[in-house]
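A.B. asks: Got a structure for you, written out below as structure tokens; questions coming shortly.
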Amino acid sequence: MSTLFRAFVAAKDDDAVDRSVRELTTEDLPDGDVTVRVAWSSVNFKDGLATIPQGKVARISPLVPGVDLAGEVVESDSDEFAPGTSVIVHGYELGVSHHGGYAEYARVPADWVVPLPDGLDTRQAMAIGTAGYTAGLSVHLLEERGLRPGDGRVLVTGASGGVGSCAVGMLAERGYQVVASSGKEDAHDWLRRLGADEVVGRDAAEPTGRPLEKPEWIAAVDCVGGDTLSGVLSRLSYGGAVAASGNTGGFALETTVLPFILRGVALLGADSANTPIDRRRRLWDRLATDLRPRHLDEAAEVDLDGVEQALDTILEGASRGRTVVRVTG
Ligand SMILES: NC(=O)c1ccc[n+]([C@@H]2O[C@H](COP(=O)([O-])OP(=O)(O)OC[C@H]3O[C@@H](n4cnc5c(N)ncnc54)[C@H](OP(=O)(O)O)[C@@H]3O)[C@@H](O)[C@H]2O)c1
């Protein structure tokens, strides 16, 4: 039976993208094994890019954006996910070439689905969302390489944003000595409350043109990329590593081989979209326990009518922390 529901839709129209809340029916949903009544989604930088003409993220039009969602299974052809099961879905093609989380219903392949771990409700899961998952993955990658609390200072760049603020909260909760780098003067006190031991300006990681600088940090979680990542590489201590996930500061990376061959540093790529599903489910178990950030219930909230403004804010680099989208929650 077809059900009418509300969705935020981005539709390309020549050189512009029309963004509006519309009514769709369950017949408009793509194929998939599992239909979810979406309770919460969230606002990520990639969602902003999916709704602007030059964004290079949306692969279909019209598209329901929303690269993550949490809700309850209402129909299922999968033995793993019976109706009534609470689930999380993010990444893969969601909100890119497959309708995403900014709608009251979503239909997805079963092998994209993560059971909601004990200890998180669906709102908290989206307060983590794609950005928090990426922060958690970054910490996990650094720890897989051997990083432990007590090893030294760990830098987080873009600290006031979604990935950055989650990384600050996670690292602090695990007992790391956290240095938060932020271009927002008015976010410094807030970052200390999240758990940063020190807050520095963006200039702390700016490149100077010299291939190696005085070592400052044993590790870094970087979602800014560009010149910032280049500056981080030149200041990592011997044996240090940076987990790189983003490009808010640019795509191009200028560096030399010297940090790698003289200090043995490592550049670890963090990709949230295509993590194999078993690894993804295991990481969510960590996000609900030892990687759970301390400020989960502080996320800002919008409904479907407020999504457009929230996307503009994140594209301007002006949002602080995480914003969840109340869909039917
Ligand atoms: N690899 C993946 O799977 C993955 C997953 C999620 C996100 N990402 C990427 O990670 C990045 C951050 O995503 P997000 O959702 O956390 O976005 P966000 O909330 O907008 O955070 C980005 C932060 O970067 C800093 N920033 C913005 N413009 C900058 C500039 N020109 N130079 C230096 N710093 C700048 C700002 O922090 P301050 O003002 O505090 O400096 C901003 O809050 C994006 O590039 C996104 O595409 C990648």
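Take 992 as the starting number for the sequence shown in the numbering used here and just add one per residue. Ideal placement from N, C-alpha and C gives every residue a C-beta, glycine not left out. Predicted model only: the values in this text are computed from it and were never measured.
How would you label Thr1219, buried or exposed, when you count the other beta carbons within 10 angstroms and need 16 or more for buried?
C.D. replies: Taking the first residue of the sequence shown as position 1, residue 1219 is located at position 228. Under this definition Thr1219 is a buried residue.
A.B. asks: With distances taken between CB atoms, is the gap from Thr1314 to Ala1279 smaller than 8 Å?
C.D. replies: On the sequence shown, position 323 is the one that residue 1314 refers to. On the sequence shown, position 288 is the one that residue 1279 refers to. No, they are not a contact pair.
A.B. asks: Should Met1117 go down as buried or exposed, given a rule of 16 or more other Cβ atoms within 10 Å for buried?
C.D. replies: Looking up residue 1117 in the sequence shown gives position 126. Classification of Met1117: buried, given that the 10 Å Cβ count is 16 or more.
A.B. asks: Roughly how many angstroms separate the alpha carbons of Val1034 and Arg1201, rounded to a whole number?
C.D. replies: Mapped onto the sequence shown, residue 1034 falls at position 43. Mapped onto the sequence shown, residue 1201 falls at position 210. If I take the Cα positions, the gap works out to 37 Å.
A.B. asks: Within 7 Å: the Cβ of Gly1149 and any heavy atom of ligand 1?
C.D. replies: Indexing the sequence shown from 1 puts residue 1149 at position 158. The answer is yes for Gly1149.
A.B. asks: Determine the burial state of Ala1309: buried for a count of at least 16 other Cβ atoms within 10 Å of its Cβ, exposed for fewer.
C.D. replies: If you number the sequence shown from 1, residue 1309 lands on position 318. Exposed, by the Cβ-count rule.
A.B. asks: Would you report the Cα separation of Gly1222 and Arg1144, rounded to the nearest angstrom?
C.D. replies: Position 231 of the sequence shown holds residue 1222. Position 153 of the sequence shown holds residue 1144. For Gly1222 and Arg1144, the distance between alpha carbons rounds to 16 Å.
A.B. asks: Hey, is Arg1183 close to ligand 1, as in C-beta under 7 Å from one of its heavy atoms?
C.D. replies: Counting from one through the sequence shown, the residue named residue 1183 turns up at place 192. Not under cutoff, so the answer is no.
A.B. asks: Ligand 1 and Val1248: does any heavy atom of the ligand fall closer than 7 Å to the residue's C-beta?
C.D. replies: For this step, residue 1248 is matched to residue 257 along the sequence shown. No, the beta carbon of Val1248 sits no closer than 7 Å to any heavy atom of ligand 1.
A.B. asks: Buried or exposed, going by whether 16 or more other CB atoms sit within 10 Å of the CB of Glu1207?
C.D. replies: Position 216 of the sequence shown, counted from the first residue, corresponds to residue 1207. Classification of Glu1207: buried, given that the 10 Å Cβ count is 16 or more.
A.B. asks: Who are Leu1054's beta bridge partners in DSSP?
C.D. replies: Here residue 1054 is taken as the residue at index 63 of the sequence shown, counted from 1. Leu1054 pairs with Ala1001.
A.B. asks: With a threshold of 8 Å on Cβ separation, who are the neighbours of Lys1205 within its own chain once the five nearest residues in sequence on each side are excluded?
C.D. replies: Working through the sequence shown from its first residue, we reach residue 1205 at position 214. Within its own chain, the residues whose Cβ lies closer than 8 Å to the Cβ of Lys1205, once the five positions on either side in sequence are excluded, are Arg1226, listed in chain order.
A.B. asks: Please state if the CB of Ala1158 and the CB of Ser1172 are separated by a distance shorter than 8 Å.
C.D. replies: To locate residue 1172, count along the sequence shown from 1; it is residue 181. To locate residue 1158, count along the sequence shown from 1; it is residue 167. No.
A.B. asks: Where do the ends of the beta strand (DSSP E) carrying Ile1268 lie?
C.D. replies: Along the sequence shown, one-based indexing puts residue 1268 at 277. Run containing Ile1268: none in the beta strand (DSSP E); it sits in the alpha helix (DSSP H), Ile1268 to Leu1278.
A.B. asks: Looking at Asp1059 and Glu1032, is the spacing between their C-beta atoms short of 8 Å?
C.D. replies: Indexing the sequence shown from 1 puts residue 1032 at position 41. Indexing the sequence shown from 1 puts residue 1059 at position 68. In the sequence under discussion, the amino acid at residue 1032 is Ser, which differs from the Glu named in the question. A contact, by the Cβ cut-off of 8 Å.
A.B. asks: Going by DSSP, what residues sit across from Ser1172 in a beta bridge?
C.D. replies: Taking the first residue of the sequence shown as position 1, residue 1172 is located at position 181. Per DSSP, Val1191.
A.B. asks: Check whether chain B comes within 8 Å of Gln1045, counting only Cβ atoms and requiring the distance to be less than that.
C.D. replies: The question asks about chain B, but that chain is absent: this structure has only one protein chain.
A.B. asks: Which same chain residues, not among the five before or five after Ile1079, have their C-beta less than 7 Å away from its C-beta?
C.D. replies: Stepping through the sequence shown from its first residue, residue 1079 is reached at position 88. The answer, listed in chain order, is Ala1061, Val1105, Leu1107, Ala1116 and Trp1275.
A.B. asks: Should Met992 be labelled buried (16 or more other beta-carbon atoms within 10 Å of its own) or exposed?
C.D. replies: Within the sequence shown, numbered from 1, the residue matching residue 992 stands at position 1. Exposed.
A.B. asks: Measure the CB-CB distance between Leu1146 and Leu1203 and report whether it falls below 8 Å.
C.D. replies: Numbered from its first residue, the sequence shown carries residue 1146 at position 155. Numbered from its first residue, the sequence shown carries residue 1203 at position 212. No, these two residues do not count as a Cβ contact at 8 Å.
A.B. asks: Please check the pair Gly1046 and Asn1265, which I expect to be a contact at CB under 8 Å, by giving their CB distance rounded to whole angstroms.
C.D. replies: On the sequence shown, position 55 is the one that residue 1046 refers to. On the sequence shown, position 274 is the one that residue 1265 refers to. The Cβ separation is near 19 Å, so there is no contact.
A.B. asks: Report the residue from Ala1101, Asp1102 and Thr1076 whose alpha carbon sits nearest the alpha carbon of Asp1109.
C.D. replies: In the sequence shown, counting from the first residue as 1, residue 1109 sits at position 118. Answer by Cα proximity: Thr1076.
A.B. asks: Roughly how many whole angstroms lie between the Cα atoms of Thr1304 and Ala1257?
C.D. replies: Within the sequence shown, residue 1304 is the residue found at index 313, counting from 1. Within the sequence shown, residue 1257 is the residue found at index 266, counting from 1. Between Thr1304 and Ala1257, the C-alpha separation is close to 33 Å.
A.B. asks: So for Glu1134, helix, strand or coil by DSSP?
C.D. replies: By one-based count along the sequence shown, residue 1134 stands at place 143. Of the three classes helix, strand and coil, the one that applies to Glu1134 here is helix, per DSSP.
A.B. asks: Checking the sheet assignment: what are the DSSP bridge partners for Gly1260?
C.D. replies: Here residue 1260 corresponds to residue number 269 of the sequence shown, with the count starting at 1. Per DSSP, Ala1235.
A.B. asks: Can you tell me whether Gly1086 sits near ligand 1, meaning its C-beta is under 7 Å from at least one heavy atom of the ligand?
C.D. replies: Translated into positions along the sequence shown, residue 1086 becomes position 95. Checking the Cβ of Gly1086 against ligand 1 gives no.
A.B. asks: Closer than 7 Å: is that where the CB of Ile1209 sits relative to any heavy atom of ligand 1?
C.D. replies: By 1-based counting over the sequence shown, the position of residue 1209 is 218. Incorrect: Ile1209 has no Cβ contact closer than 7 Å to ligand 1.
A.B. asks: Any chance the CB of Ser1011 is under 7 Å from a heavy atom of ligand 1?
C.D. replies: Against the sequence shown, residue 1011 aligns to sequence position 20. No - ligand 1 has no heavy atom lying nearer than 7 Å to the Cβ of Ser1011.
A.B. asks: Taking 7 Å as the cut-off, is the C-beta of Ile1305 nearer than that to any heavy atom in ligand 1?
C.D. replies: For this step, residue 1305 is matched to residue 314 along the sequence shown. Correct: Ile1305 has its Cβ closer than 7 Å to ligand 1.
A.B. asks: How far does the beta strand (DSSP E) with Val1147 in it extend, from its first residue to its last?
C.D. replies: Here residue 1147 refers to the residue found at position 156 when the sequence shown is read from its first residue. Note, Val1147: beta strand (DSSP E), Arg1144 to Val1147.
A.B. asks: Could you check where the beta strand (DSSP E) with Ala1061 kicks off and where it finishes?
C.D. replies: The residue given as residue 1061 occupies position 70 in the sequence shown. Counting along the chain, the beta strand (DSSP E) containing Ala1061 begins and ends at Asp1059 to Ser1067.
A.B. asks: With burial defined as no fewer than 16 other Cβ atoms inside 10 Å of the residue's Cβ, what is the status of Ser1236: buried or exposed?
C.D. replies: For the purposes of this step, residue 1236 is identified with residue 245 of the sequence shown, where counting begins at 1. So Ser1236 counts as buried.
A.B. asks: Taking 7 Å as the cut-off, is the C-beta of Asp1262 nearer than that to any heavy atom in ligand 1?
C.D. replies: Locating residue 1262 in the sequence shown gives position 271, where the first residue counts as 1. Result yes, Cβ under 7 Å from ligand 1.
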